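Below is one structure, written out as structure tokens; comments come after it.
Protein chains: 2
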Amino acid sequence: MQRIPWSTILKSQPATLLPSVTIGALIWFCTPASDELTPTAIRILAVFVSCIFALITTSVDISLLVLTGLALLSLTHSFQCEDKATGLLTECRLCGEPNPLTGDPYKCHGAKESFHHSLEGFSSSVVWLIFAAFHLGKAVEVTQLGRRVSLLMIKMFGKRIMGLAYAIVFSELLLAPFVPSNTARGGGIVHPVVHAIATTLGSTPTHDPKVGAFLMLVGNHANLISASMYLTGMAANPIVLAKATQLYEGVNFDFLTWLTGSIVPALVCALALPVILRWSCGLSSDSKQRDEEEQGGSNGGAISNATTKFPNDGIVKHAETELERMGSMSGKEWQLCLVLLLCLCLWVTSSYTKLDATLVALLGILMLLHMGTMTWKDISKNTNAWDTLFWLGGFVTMAHQLSDAGASAFLGHKISSLIEQLGLPPVPFLAVSYFLTTFMFSSLSAHIVAFVGTFLDAGHALGAQPMLLTALLAYFGALSGCMTNYSTGMAAMYYAPGYVSRSKWFLIGFQLALFYLVVYFTIGMGWWRLLGWW
Amino acid sequence: MQRIPWSTILKSQPATLLPSVTIGALIWFCTPASDELTPTAIRILAVFVSCIFALITTSVDISLLVLTGLALLSLTHSFQCEDKATGLLTECRLCGEPNPLTGDPYKCHGAKESFHHSLEGFSSSVVWLIFAAFHLGKAVEVTQLGRRVSLLMIKMFGKRIMGLAYAIVFSELLLAPFVPSNTARGGGIVHPVVHAIATTLGSTPTHDPKVGAFLMLVGNHANLISASMYLTGMAANPIVLAKATQLYEGVNFDFLTWLTGSIVPALVCALALPVILRWSCGLSSDSKQRDEEEQGGSNGGAISNATTKFPNDGIVKHAETELERMGSMSGKEWQLCLVLLLCLCLWVTSSYTKLDATLVALLGILMLLHMGTMTWKDISKNTNAWDTLFWLGGFVTMAHQLSDAGASAFLGHKISSLIEQLGLPPVPFLAVSYFLTTFMFSSLSAHIVAFVGTFLDAGHALGAQPMLLTALLAYFGALSGCMTNYSTGMAAMYYAPGYVSRSKWFLIGFQLALFYLVVYFTIGMGWWRLLGWW
Numbered sequence: 016m017q018r019i020p021w022s023t024i025l026k027s028q029p030a031t032l033l034p035s036v037t038i039g040a041l042i043w044f045c046t047p048a049s050d051e052l053t054p055t056a057i058r059i060l061a062v063f064v065s066c067i068f069a070l071i072t073t074s075v076d077i078s079l080l081v082l083t084g085l086a087l088l089s090l091t092h093s094f095q096c097e098d099k100a101t102g103l104l105t106e107c108r109l110c111g112e113p114n115p116l117t118g119d120p121y122k123c124h125g126a127k128e129s130f131h132h133s134l135e136g137f138s139s140s141v142v143w144l145i146f147a148a149f150h151l152g153k154a155v156e157v158t159q160l161g162r163r164v165s166l167l168m169i170k171m172f173g174k175r176i177m178g179l180a181y182a183i184v185f186s187e188l189l190l191a192p193f194v195p196s197n198t199a200r201g202g203g204i205v206h207p208v209v210h211a212i213a214t215t216l217g218s219t220p221t222h223d224p225k226v227g228a229f230l231m232l233v234g235n236h237a238n239l240i241s242a243s244m245y246l247t248g249m250a251a252n253p254i255v256l257a258k259a260t261q262l263y264e265g266v267n268f269d270f271l272t273w274l275t276g277s278i279v280p281a282l283v284c285a286l287a288l289p290v291i292l293r294w295s296c297g298l299s300s301d302s303k304q305r306d307e308e309e310q311g312g313s314n315g316g317a318i319s320n321a322t323t324k325f326p327n328d329g330i331v332k333h334a335e336t337e338l339e340r341m342g343s344m345s346g347k348e349w350q351l352c353l354v355l356l357l358c359l360c361l362w363v364t365s366s367y368t369k370l371d372a373t374l375v376a377l378l379g380i381l382m383l384l385h386m387g388t389m390t391w392k393d394i395s396k397n398t399n400a401w402d403t404l405f406w407l408g409g410f411v412t413m414a415h416q417l418s419d420a421g422a423s424a425f426l427g428h429k430i431s432s433l434i435e436q437l438g439l440p441p442v443p444f445l446a447v448s449y450f451l452t453t454f455m456f457s458s459l460s461a462h463i464v465a466f467v468g469t470f471l472d473a474g475h476a477l478g479a480q481p482m483l484l485t486a487l488l489a490y491f492g493a494l495s496g497c498m499t500n501y502s503t504g505m506a507a508m509y510y511a512p513g514y515v516s517r518s519k520w521f522l523i524g525f526q527l528a529l530f531y532l533v534v535y536f537t538i539g540m541g542w543w544r545l546l547g548w549w
Numbered sequence: 016m017q018r019i020p021w022s023t024i025l026k027s028q029p030a031t032l033l034p035s036v037t038i039g040a041l042i043w044f045c046t047p048a049s050d051e052l053t054p055t056a057i058r059i060l061a062v063f064v065s066c067i068f069a070l071i072t073t074s075v076d077i078s079l080l081v082l083t084g085l086a087l088l089s090l091t092h093s094f095q096c097e098d099k100a101t102g103l104l105t106e107c108r109l110c111g112e113p114n115p116l117t118g119d120p121y122k123c124h125g126a127k128e129s130f131h132h133s134l135e136g137f138s139s140s141v142v143w144l145i146f147a148a149f150h151l152g153k154a155v156e157v158t159q160l161g162r163r164v165s166l167l168m169i170k171m172f173g174k175r176i177m178g179l180a181y182a183i184v185f186s187e188l189l190l191a192p193f194v195p196s197n198t199a200r201g202g203g204i205v206h207p208v209v210h211a212i213a214t215t216l217g218s219t220p221t222h223d224p225k226v227g228a229f230l231m232l233v234g235n236h237a238n239l240i241s242a243s244m245y246l247t248g249m250a251a252n253p254i255v256l257a258k259a260t261q262l263y264e265g266v267n268f269d270f271l272t273w274l275t276g277s278i279v280p281a282l283v284c285a286l287a288l289p290v291i292l293r294w295s296c297g298l299s300s301d302s303k304q305r306d307e308e309e310q311g312g313s314n315g316g317a318i319s320n321a322t323t324k325f326p327n328d329g330i331v332k333h334a335e336t337e338l339e340r341m342g343s344m345s346g347k348e349w350q351l352c353l354v355l356l357l358c359l360c361l362w363v364t365s366s367y368t369k370l371d372a373t374l375v376a377l378l379g380i381l382m383l384l385h386m387g388t389m390t391w392k393d394i395s396k397n398t399n400a401w402d403t404l405f406w407l408g409g410f411v412t413m414a415h416q417l418s419d420a421g422a423s424a425f426l427g428h429k430i431s432s433l434i435e436q437l438g439l440p441p442v443p444f445l446a447v448s449y450f451l452t453t454f455m456f457s458s459l460s461a462h463i464v465a466f467v468g469t470f471l472d473a474g475h476a477l478g479a480q481p482m483l484l485t486a487l488l489a490y491f492g493a494l495s496g497c498m499t500n501y502s503t504g505m506a507a508m509y510y511a512p513g514y515v516s517r518s519k520w521f522l523i524g525f526q527l528a529l530f531y532l533v534v535y536f537t538i539g540m541g542w543w544r545l546l547g548w549w
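Protein sequence lines, in the order shown, are assigned to chains P and C.
The first sequence begins at 16 in my numbering and counts up by one.
The second sequence begins at 16 in my numbering and counts up by one.
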């Protein structure tokens, strides 16, 4: 038999999982159980930590990790079961073992009850909101409505490069409440337009990439700002809301509250973004020169060298031509407009109508399907949506069980006592840690699901102002994606064409991270003080 | 504005739904509420009947119908809610309305609780078993293990046309316990082989179609017999088990019980099937002639005219060549064999290990993924599986709520009193009605989900022997698909090449239906009597 080289074995999937499995096993077998941390909580924690570690260190598919974790927990009966007699949550014991609540032998429902718990996440309405978000985004893409909006923006603002940048930013801010999947919005709608603009300006990754790089970065970071601005700006945002509502009685971070808190700091960031990026990309002097050239009357239509000939009317004319070629709004676009407006109205008024945000999104999809704006095939072939439904459903089960078993509160308590011992200011420390931990994640949603509960628990234990902490964690959930090119599918798509080198991407990311932190801790805090949030 | 012709309007999706909506509205608004049938039960019934009617009469996608039904029920709060104080089920009232159990104003959880109920079906383990079944079937297809099994069968039995037919039947019977999706098994594994055999024999729909027609019909009906023979033979079979266990304390139709009851009548049907079909297809005299020819020594290898030159060694040689070309079993095939055997062992022993059948299937998939036998992409691109997960999850919610609200029991009671009034024998009447109603359905699973509960309830009210009724309904669930070419995706695939005309397909279907009914009511009942089931 041929010998397999060591390097191949070390790169194989089981080998890359070894460190994660080791860490999990250490927690599983070596953590002492106590009143605070039950054996069930330890097991769930072990599987959870192991999953997250594998998520960061390996390229194994997230769905496979989650499924493995759930199967392991099911096999070992490591879920919290409801005691039928008292209605209290308890460990799912094996048949005949003493029930921890009553001392009687545990009435055995077999492994079935435990297994049934592992499927609970799939009926979580948050998971289905994200699922619905993917499909609304698909509709905006399929009907070309998103493309039209972007082209209109360019027609209006496209005379100067800064105008173009602001057009991209405003497209994002306008689309964000309607397209609750930031990847669908950025990757599916805005990115194709940004890429088309860059190419039209004669900027390619190999030839005169500066203008293209600037526009790509604007598109990427505008997407994250808009994602943080609205409750419906990113699919995972409602998870923060759900956890905060569960933890604090008075806190209800609904659509309007979310927007009220974010509108001032997010708009400041959005307005400053193109200016900062122009400076970071080294475009400032060039464009000044161009502005002067333009005022001098050099209004040449030829588009050959972006750096010297820009700005001109070419790109505006291009947008006009494209819009003319698209013709007037199609029936499907009108239908989609109607449905999206209706959804927006229902989301904004949900505190009065008591309609679940997920139900609203599903109703929107239903209307689109019945009117024939999109077909069921568009939905069933949207594999990203189904994939996300699967891994997020499983992840939500685990996070939920982690919380039920008290492990999340235990960790939060540990963090809070550390903060107390070191005498650190709790809210800034928690918020900044939350921001920086995103660096380890390849999915903003995964980061939020994994950490928001623990950090809110820690803040709760330290007596942090509920609204203040919730606001910071809510807004940082999306903003923190600025640091890397793998934080979300959208960032990967803007990075892919190659206008910006990896080192430059990370450098600019950290500049912006610093800027966001400063803005939210000064202007943001000031605004929330005015609102009476702390 | 151009006038749209009436014919177009009448064929449009909303127009075809009009009769279904009318029926639903009639039930919703005109049924008098009583103690037996609460307003909630009437609403759920209206939506359910309307969905089923639309399923039969329109071509609207089943997922869209289910989603519409669920949204309507959510919007009107038509679900059964659990009263937190007493733990009893009650209607979900609007805020402030009197609670039907206590008379106090209903403590309002908004529409959210009601909406949450509509997602319950998605954490049903039956739904996830079907989902897992699709993927196991995919693995059998992807690794080519299924193809190898069929080719081996042909190599062993393929000398005569009846030998080929029995090879197809035994392939199905052997694969059925391992590939719990009958469509994956029939459509994905066996059908391609059957089609290849027919073509190799020189039989096409236009030229000498008799042999091809015979083989296609054998493949189709062998699939249904094997689906009815094992609990894991068809994805929806466990639904019968779940409902029966819920209704009758002593009835546990697990893998072994199911097989014990079915083995005698199903094997009789399987053995008789090729003989009946040879007669129905008018092949009997031809093949006799051929057999004689063969004995006369005309062993020509040329395959040009199937009817005159068959049988010969050509097809056996073809199988041998194909098997040689496939080479020895690949690593992936061995891995799959191992996993399937393990799954089979765990399914067979599940009453001892207390492992959920779904967990076993998921563990199998997990092993395949970790060994690299299949990739997550194979799973996420298997849109049929996701689609089924969606509509079946929604359908299960509705069927479950129908049962919780008492509507299923009410209907069962109505049927049973009708049977009593007319003095009909309950078990045969229920079983035959159940068999024939499949005619209206385009999915065996949908038929089972829709009707098995009601028919078991009716039998329960009439005091029918539990095991007898359960057995008949369990086995007829798959067998009844023989009548039409649209009863399951598998049948549609065998019909599609066009070897058999639609009228011939239906005629032969009814002959077989009659045959199955006779066999199960004579040999089957006799066997179950021996087993002490009645």
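Glycine included, C-beta positions come from ideal geometry on N, C-alpha and C.
Predicted, not measured: the structure shown is a model, and the values here were computed from it.
Query raised in the report: By how many angstroms is the C-alpha of Phe172/C removed from the C-alpha of Ser35/P?
Result: The residue given as residue 35/P occupies position 20 in the first sequence. The residue given as residue 172/C occupies position 157 in the second sequence. Taking the straight line from one Cα to the other gives about 51 Å.
Query raised in the report: Checking contacts by CB at 8 Å: is Asp76/P closer than that to chain C?
Result: Translated into positions along the first sequence, residue 76/P becomes position 61. Yes, contact with chain C.
Report task. Run down chain C in chain order and give the residues with a C-beta less than 8 Å from the C-beta of Pro29/P. Result -> Indexing the first sequence from 1 puts residue 29/P at position 14. Residues of chain C passing the Cβ test: His385.
Query raised in the report: Of all the options Phe185/P, Leu381/P, Ser138/P, which has the alpha carbon lying nearest to the alpha carbon of Ile77/C?
Result: Position 62 of the second sequence holds residue 77/C. For Ile77/C, the nearest C-alpha among the options comes from Leu381/P.
Query raised in the report: Taking 8 Å as the CB-CB limit, is Ser395/C close to chain P?
Result: Taking the second sequence and counting its residues from 1, the one referred to as residue 395/C is at position 380. Output row for Ser395/C: interface = yes.
Query - Given 8 Å, three or more beta-carbon pairs between the region 178-193 of chain C and the region 351-371 of chain C - result: yes
Report task. Tell whether a beta-carbon distance below 8 Å holds between Ser395/P and Thr398/C. Result -> Numbered from its first residue, the first sequence carries residue 395/P at position 380. Numbered from its first residue, the second sequence carries residue 398/C at position 383. In this structure, Thr398/C lies closer than 8 Å to Ser395/P by Cβ.
Requested in this report: Please work out which residues of its chain come closer than 8 Å, Cβ to Cβ, to Phe521/P, disregarding the five sequence neighbours upstream and downstream, and give them in chain order.
Outcome: As a first step, residue 521/P must be located in the first sequence, where it is residue number 506. The residues are Met498, Thr499, Asn500.
**Report entry** Beta-carbon neighbours of Glu549/P, restricted to chain C and to distances below 8 Å
**Finding:** The count along the first sequence starts at 1 and reaches residue 549/P at position 534. The displayed chain sequence assigns Trp, not Glu, to residue 549/P. Neighbours of Trp549/P on chain C: none; closest Cβ ~28 Å, over 8 Å.
Requested in this report: State buried or exposed for Tyr367/C, treating a residue as buried only when at least 16 other CB atoms are found within 10 Å of its CB.
Outcome: Counting from 1 along the second sequence, the entry for residue 367/C is found at position 352. Counting Cβ neighbours within 10 Å, Tyr367/C comes out exposed, since fewer than 16 surround it.
Query raised in the report: Which partner residues does Gln159/P have in the DSSP bridge list?
Result: Here residue 159/P corresponds to residue number 144 of the first sequence, with the count starting at 1. Beta-bridge pairing links Gln159/P to no other residue.
Requested in this report: Could you work out which residues of chain P lie near Thr83/C, taking near to mean beta carbons separated by less than 8 Å?
Outcome: Position 68 of the second sequence, counting from 1, holds the residue named residue 83/C. Result: Leu381, His385.
Query raised in the report: Are there 16 or more other CB atoms within 10 angstroms of the CB of Cys110/C, so buried, or fewer, so exposed?
Result: Start at 1 with the first residue of the second sequence, and residue 110/C comes out as number 95. Residue placement at Cys110/C cannot be trusted, given a pLDDT of 48 that sits under 50; what the coordinates show is reported in the next sentence. Label assigned to Cys110/C: exposed.
Query - chain P within 8 Å of Leu79/C, Cβ atoms only - result: On the second sequence, residue 79/C is found 64 positions in, with the first residue counted as 1. Answer yes: the Cβ-Cβ gap between Leu79/C and chain P drops below 8 Å somewhere.
Query raised in the report: Measuring CA to CA, which of Arg163/P, Gly265/P, Ala154/P, His131/P is closest to Ser93/P?
Result: By 1-based counting over the first sequence, the position of residue 93/P is 78. Among Arg163/P, Gly265/P, Ala154/P, His131/P, the Cα nearest to that of Ser93/P belongs to His131/P.
Query raised in the report: Buried or exposed: where does Asn267/P fall if 16 or more other Cβ atoms within 10 Å of its Cβ makes it buried?
Result: Here residue 267/P refers to the residue found at position 252 of the first sequence. Its Cβ having fewer than 16 others within 10 Å, Asn267/P is exposed.
Query raised in the report: Which value, in whole angstroms, describes the spacing of the CA atoms of Gln95/C and Ser133/P?
Result: Here residue 95/C refers to the residue found at position 80 of the second sequence. Here residue 133/P refers to the residue found at position 118 of the first sequence. Distance between the alpha carbons of Gln95/C and Ser133/P: 23 Å.
**Report entry** Classification of Phe44/P by the beta-carbon crowding that lies within 10 angstroms, buried from 16 upward
**Finding:** For the purposes of this step, residue 44/P is taken as residue 29 along the first sequence, with counting starting at 1. Flag for Phe44/P reads exposed.
Query - Contact list for the region 131-146 of chain P against chain C, Cβ threshold 7 Å - result: His131, Leu134, Glu135, Phe137, Ser138, Ser140, Trp143
Query raised in the report: Does the beta carbon of Ala86/P sit closer than 8 Å to a beta carbon anywhere in chain C?
Result: Mapped onto the first sequence, residue 86/P falls at position 71. Cβ-Cβ to chain C under 8 Å: yes for Ala86/P.
Query raised in the report: Which whole-angstrom value describes the C-beta separation of Ile57/P and Thr46/P, a residue pair presumed to lie in contact below a C-beta threshold of 8 Å?
Result: Here residue 57/P corresponds to residue number 42 of the first sequence, with the count starting at 1. Here residue 46/P corresponds to residue number 31 of the first sequence, with the count starting at 1. Yes, they are in contact, since the Cβ atoms of Ile57/P and Thr46/P sit about 5 Å apart, within 8 Å.
Query raised in the report: In its own chain, which residues sit with a C-beta less than 7 Å from the C-beta of Thr260/P, not counting the 5 before and 5 after it?
Result: The residue given as residue 260/P occupies position 245 in the first sequence. Correct list, in chain order: Val266, Asn267.
Query - Ser277/C - containing alpha helix (DSSP H), residue span - result: Here residue 277/C refers to the residue found at position 262 of the second sequence. Unbroken alpha helix (DSSP H) run through Ser277/C: 270-295.
**Report entry** Cβ of Thr373/P within 8 Å of any chain C Cβ
**Finding:** Your numbering for residue 373/P matches position 358 in the first sequence. Closer than 8 Å: yes.
Query raised in the report: If you drop the 5 nearest sequence neighbours on each side, which residues of the same chain put their C-beta closer than 7 Å to that of Phe454/C?
Result: As a first step, residue 454/C must be located in the second sequence, where it is residue number 439. Excluding positions up to five away in sequence, the list reads Met498, Thr499.
Query - Same chain only: Cβ atoms within 6 Å of Leu288/C, ignoring 5 sequence neighbours per side - result: Residue 288/C sits at position 273 when you count from the first residue of the second sequence. His236.
Report task. Check whether the Cβ of Ser448/P lies closer than 8 Å to any Cβ atom in chain C. Result -> What you label residue 448/P is simply residue 433 of the first sequence in a count that begins at 1. No, because no Cβ of chain C sits closer than 8 Å to the Cβ of Ser448/P.
Query raised in the report: What number of angstroms, rounded off, separates the C-alpha of Trp548/C from the C-alpha of Glu51/C?
Result: Stepping through the second sequence from its first residue, residue 548/C is reached at position 533. Stepping through the second sequence from its first residue, residue 51/C is reached at position 36. Each residue's alpha carbon lies about 32 Å from the other.
Query raised in the report: Between Met16/C and chain P, is there a C-beta pair that is closer than 8 Å?
Result: Residue 16/C sits at position 1 when you count from the first residue of the second sequence. Here Met16/C scores only 47 on pLDDT, less than 50, and its place in the model is too uncertain to base an answer on.
Query raised in the report: With 8 Å set as the bound, which would you pick, yes or no: does the beta-carbon of Asp402/C sit closer than that to a beta-carbon of chain P?
Result: In the second sequence, residue 402/C corresponds to position 387, counting from 1. At least one chain P Cβ lies under 8 Å of Asp402/C.
Query - Glu339/P, buried or exposed, once every other Cβ within 10 Å from all chains shown has been counted against 16 - result: Locating residue 339/P in the first sequence gives position 324, counting from the first residue. Exposed is the call here.
Query raised in the report: What separation, rounded to the nearest whole angstrom, lies between the Cα atoms of Gln526/C and Trp294/C?
Result: Counting from one through the second sequence, the residue named residue 526/C turns up at place 511. Counting from one through the second sequence, the residue named residue 294/C turns up at place 279. For Gln526/C and Trp294/C, the distance between alpha carbons rounds to 11 Å.
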